[in-house]
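Numbering (this note's numbering), first residue to last: 105 to 446. Ideal placement from N, C-alpha and C gives every residue a C-beta, glycine not left out. Since the model is a prediction, treat every value here as computed from it, not as a measurement. Comments concern the structure below.
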């Protein structure tokens, strides 16, 4: 009797093993029809380019795209790093030139050079490193955007932002969670150098809030909470295109500006490596890049894409682009946050 029960027990285990094995194979097969993309809220949100790009990609390849909204670019990196032992993403999208070195150190990306990358300038590629871990898909200089209907004058420099007239009138983003927040901090490092902490001490009384990400911060700005916000030179093009107004202006400072270059890369040990590579190929194609100007409100990395008239009318060009040490800027972040009491 006991021998009979033992045989039944062994048979049950074998059936379970076979069933689980078949389930895993079935799951793996299904996963090869889906590309999971970790990204940030404004890319995959209602007004971003994500949905249109996914639709075109699916029509071309038959593969489904699933976006995972991680919040903002810094949070994309954090989540991918936390999941290194159990990778869920196929594509990591939204890491910029200020995060590229950290991403390389975290070992979350696998080198891949997408088809068609010759349409991207060497300058943009260089900004994200030389190992093909990240491929540029858009870019723009950081800028302060100003509401011209405000009862304060337009600042003409970073130093002007510290003047008492701008008390509680500036919206910035948190550099720990947001790439624009990190970018603005890097901008101040590039201009102020060793005196950057003194600059932030002077700036502190004028900061209304440090928003968690660009979407939240720019939303507060357009709702009239403050007349100044950290954004991009391309932001004014949005208002030219849809609001038919030049009320919101991207200011050009004699200090110079820094460039944000956003990239996408193949996740190391991606569950669907082949699908991820196809998505990266498509992301930099003219078909996908044409979606960026009027949804992403950044300059497309593919130099063959023609810009809308609103960009020509509403996007100023900085007279000077600054180079800076991203590693030093990243080190300064915690010191800056300590100055702000964050």
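Contact between the region 406-418 and the region 174-192 is not established, with fewer than three Cβ pairs separated by less than 8 Å.
Taking a contact to require three or more Cβ pairs closer than 8 Å, the region 216-236 and the region 194-208 qualify as touching.
C-alpha of residue 434 to C-alpha of residue 441: approximately 11 Å in a straight line. Your pair residue 425 and residue 363 checks out as a contact, with CB atoms roughly 6 Å apart and the cut at 8 Å. Under the DSSP definition of a beta bridge, residue 174 lacks any partner.
Counting the other Cβ atoms within 10 Å of the Cβ of residue 215 gives fewer than 16, which makes it exposed. Scanning its chain for C-beta atoms nearer than 7 Å, with the 5 sequence neighbours on each side dropped, one finds around residue 390 the residues 406, 408 and 409, in chain order. Residue 239 is a Cβ neighbour of residue 218, given a cutoff of 8 Å.
A direct Cα-to-Cα measurement between residue 213 and residue 267 gives close to 43 Å. Taken in chain order, the whole alpha helix (DSSP H) runs of length 4 or more contained in the region 194-258 are 204-210 and 226-231. The beta carbon of residue 373 is closer than 6 Å to those of 191 in its chain, skipping five residues each way along the sequence. Just measuring C-alpha positions, the residue of 291, 387 and 182 sitting nearest residue 359 is 291. In the displayed model, residue 384 falls within a helix according to three-state DSSP. Short of 7 Å from the beta carbon of residue 148, and not among the five residues preceding or following it, lie these beta carbons of its own chain, in chain order: 154, 171 and 173. The Cβ-Cβ distance between residue 223 and residue 356 does not fall below 8 Å. Put simply, the backbone Cα of residue 307 is about 7 Å away from that of residue 265. From the listed residues 301, 283, 429 and 341, the smallest Cα separation to residue 320 is found for 283. If you draw a straight line from the Cα of residue 332 to the Cα of residue 346, it is about 20 Å long. Beta-bridge pairing by DSSP links residue 366 to 200 and 242. Taking residue 226 as the centre and dropping the five residues before and after it, the same chain places no C-beta closer than 6 Å to its C-beta.
With a cutoff of 8 Å on beta-carbon distance, residue 181 and residue 199 are scored as near each other.
Every beta strand (DSSP E) stretch that sits fully inside the region 278-325 and reaches 3 residues is listed by chain position as 311-315. With 16 or more other Cβ atoms from the protein chains shown falling within 10 Å of its own Cβ, residue 179 counts as buried. Here the C-alpha atom of residue 209 lies approximately 15 Å from the C-alpha atom of residue 432. Assigned with DSSP and collapsed to three states, residue 338 falls in coil, not helix or strand. Counting other Cβ atoms within 10 Å of its Cβ, residue 302 stays below 16 and is therefore classed as exposed. Straight through space, the alpha carbons of residue 143 and residue 430 are spaced by roughly 22 Å. The three-state reading of DSSP puts residue 376 in coil, since its state is none of H, G, I, E or B.
Annotation for residue 427: no residue places its beta carbon closer than 7 Å to its own, counting only its chain and skipping 5 residues before and after.
The Cβ neighbour count for residue 300, taken over all protein chains shown within 10 Å, is at least 16; the residue is labelled buried. Residue 400 carries a coil assignment under DSSP once its states are collapsed to helix, strand and coil. Residue 354 is bridged by DSSP to 249. With 16 or more neighbouring CB atoms inside 10 Å of its own CB, residue 176 falls in the buried class.
The criterion of a C-beta distance shorter than 8 Å is satisfied by residue 242 and residue 402.
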